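Enquirer: Residue 628 in the numbering used here sits at position 253 of the sequence shown, and the numbers go up by one each step. Every residue, glycine too, gets a C-beta built ideally from N, C-alpha and C. Only a predicted model underlies this, so the values are computations on that prediction, with no experimental measurement involved.
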Amino acid sequence: MSVPAYASPLRAFFERPASTLLVIAGPCVLEDDETNRTIGRTVRDACTELGWPYVFKASFDKANRTSIRSHRGPGASTGLERLRRLRDELQVPVTTDIHEPSQAQAAAAAADILQIPAFLCRQTDLLRAAADTGQPVNVKKGQFLSPEEMKSVMQKLREGGCRHAMVTERGTFFGYHRLVNDFVGLGDLRELGVPVCFDASHSTQLPGAAGTSSGGRPERTALLARAAVAAGIDAIFLECHPEPARASSDSSIALRLSEVRPLLGRLHAIRAATGADLG
């Protein structure tokens with residue numbers, strides 16, 4: 376099957392992940408079209424300048440919000456169509472998360488990578504449905520799992536026929552309202568035989584710390600991103616917004632869009648100096 380031009384760098388990444396750093400970035404949930412375009416265009420252009428592949432990320436439905444009153448997004452029908460349009464307009468791959476097996480095929484038609492949320496990372500039916508689409512699958516490691524326990528998750532994908540999988544570290548519970556990152560665990564995740572992504576945004580999250588929503592420390596995003604790239608990760612995951620306080624979801628952890636290009640520049644320098652070995 377022919378690969379669209381915009382997806383060629385993504386295909387190359389999964390074939391040789393150590394050759395580059397994949398950047399996955401965007402708003403938590405789909406915003407209005409103009410905001411989505413602004414975010415996607417800004418990060419795309421920065422990645423093009425640095426020679427890194429870029430994937431736009433956004434959710435069409437945040438079924439895992441803390442409060443029932445929190446904004447969830449435009450929904451599958453409208454949201455997936457907006458992702459398609461954005462992909463065609465910006466000529467970049469896109470990724471989105473699915474929460475139910477029934478969403479897999481429709482999401483795969485609009486997205487180039489399917490994301491499995493951390494809280495759902497052991498759900499066999501969801502993993503198998505994602506694998507069955509033939510698209511690459513990025514699984515976020517549950518905050519309650521060790522790196523070694525992700526071996527069974529990857530096995531479910533492989534036995535379901537998934538050829539290209541990736542695992543994302545996004546922090547581990549450290550008591551109430553706190554996450555920590557185990558950088559030794561990044562090397563353990565690499566031993567699973569798949570590319571390792573580091574979510575520098577959700578790693579700063581303070582789960583449930585604001586009562587009906589989660590808090591965060593986005594001022595530490597750059598620190599964690601620099602450390603992860605120095606350790607030799609294959610991909611970096613960032614949530615960003617032109618005005619974080621106005622973001623529809625995860626406003627407490629979103630990086631200001633104007634800070635993304637300078638951060639990527641620093642990460643590029645670190646990677647050039649240290650290489651890409653998690654061993």
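Assign Ile488 to one of two classes, buried (16 or more other C-beta atoms within 10 Å of its C-beta) or exposed (fewer than that).
Expert: By 1-based counting over the sequence shown, the position of residue 488 is 113. Flag for Ile488 reads buried.
Enquirer: Contact defined as beta carbons within less than 8 Å: I believe Pro570 pairs with Met541. What is the distance between those atoms, to the nearest angstrom?
Expert: As a working mapping, residue 570 is identified with position 195 in the sequence shown. As a working mapping, residue 541 is identified with position 166 in the sequence shown. That belief holds up - the Cβ atoms of Pro570 and Met541 are roughly 5 Å apart, short of 8 Å.
Enquirer: Do Gly450 and Val404 have their beta-carbon atoms positioned less than 8 Å apart in this structure?
Expert: By 1-based counting over the sequence shown, the position of residue 404 is 29. By 1-based counting over the sequence shown, the position of residue 450 is 75. Not a contact, by the Cβ cut-off of 8 Å.
Enquirer: Using 8 Å as the threshold, is the region 424 to 443 in touch with the region 587 to 600, meaning 3 or more CB pairs across them?
Expert: Enough Cβ pairs lie closer than 8 Å, so yes.
Enquirer: Quick check: the Cα distance between Ala486 and Leu630, rounded to an integer number of angstroms?
Expert: As a first step, residue 486 is located in the sequence shown; it is residue number 111 there, counting from the start. As a first step, residue 630 is located in the sequence shown; it is residue number 255 there, counting from the start. So the two alpha carbons sit approximately 23 Å from each other.
Enquirer: Enumerate in chain order the residues of its own chain whose CB-to-CB distance from Glu464 is below 8 Å, with the five nearest sequence positions on each side excluded.
Expert: Position 89 of the sequence shown, counted from the first residue, corresponds to residue 464. If we look at Glu464 and ignore the five residues flanking it on each side, its Cβ neighbours are Arg412.
Enquirer: Grouping DSSP H, G and I as helix and E and B as strand, with all else coil, what is Tyr665?
Expert: The structure shown does not extend to residue 665, since the chain is modelled only from 376 to 654, so the question has no answer here.
Enquirer: By the three-class DSSP mapping on this structure, what secondary structure does Ala485 have?
Expert: In the sequence shown, residue 485 corresponds to position 110, counting from 1. Helix at Ala485.
Enquirer: For a quick check, are the C-beta atoms of Val469 and Arg462 less than 8 Å apart?
Expert: In the sequence shown, the residue the question calls residue 469 occupies position 94. In the sequence shown, the residue the question calls residue 462 occupies position 87. Cβ atoms of Val469 and Arg462: closer than 8 Å.
Enquirer: Of the residues Leu502, Phe494, Gln466 and Ala606, which one's Cα is nearest the Cα of Lys437?
Expert: Walking along the sequence shown from the start, residue 437 turns up at place 62. The candidate whose alpha carbon is nearest that of Lys437 is Phe494.
Enquirer: To the nearest angstrom, how far is it from the Cα of Leu656 to the Cα of Gly640?
Expert: Shown here, the chain extends from 376 to 654; a query on residue 656 therefore has no answer.
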